[in-house]
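Participant: The sequence shown begins at 27 in our numbering and counts up one residue at a time. Got a structure here, written out as structure tokens. Questions coming.
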Amino acid sequence: MHSNDWDNKVKCPYCGYEMPLTYEKDANCKGVFVRCKGRKCKKIFEIIIEKTNVK
Ligand SMILES: [Zn+2]
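Listed below in structure tokens is the structure:
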């Protein structure tokens, strides 16, 4: 199974806006902040990515 490796999207937790960011399954991200690009939102939120392939 490898079809969804690049299908992980970062969404704004406030408005659900899909940010133009993708990450792979092995990504591990913390302490990175981005500003939402939603026109009426523009809130800053933290991107927290934890490994999802638990085995
Ligand atoms: Zn937003």
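Where a beta carbon is used, it is the ideal one built from N, C-alpha and C, also for glycine.
#1: I'd like the list of long-range same chain contacts for Met27, defined as Cβ closer than 8 Å, with 5 residues on each side in sequence excluded.
#2: The beta strand (DSSP E) that contains Cys55, what's its start and end?
#3: Within a Cβ cutoff of 8 Å, which residues of the same chain sit near Lys37, ignoring the five residues on either side of it in sequence?
#4: Is the closest heavy atom of ligand 1 to the C-beta of Cys55 under 6 Å?
#5: Please report the straight-line C-alpha distance between Ile70 and Val60, rounded to a whole angstrom.
Facilitator: In brief:
#1: Confidence at Met27 is low in this model, with a pLDDT of 48, below 50, so its placement is unreliable and no value can be given for it.
#2: Secondary structure note for Cys55: its beta strand (DSSP E) is the uninterrupted segment Cys55 to Arg61.
#3: If we look at Lys37 and ignore the five residues flanking it on each side, its Cβ neighbours are Tyr43, Glu44 and Met45.
#4: With a cut-off of 6 Å, the C-beta of Cys55 is classified as distant from ligand 1, since no heavy atom of the ligand falls inside that distance.
#5: Their Cα atoms are separated by approximately 6 Å.
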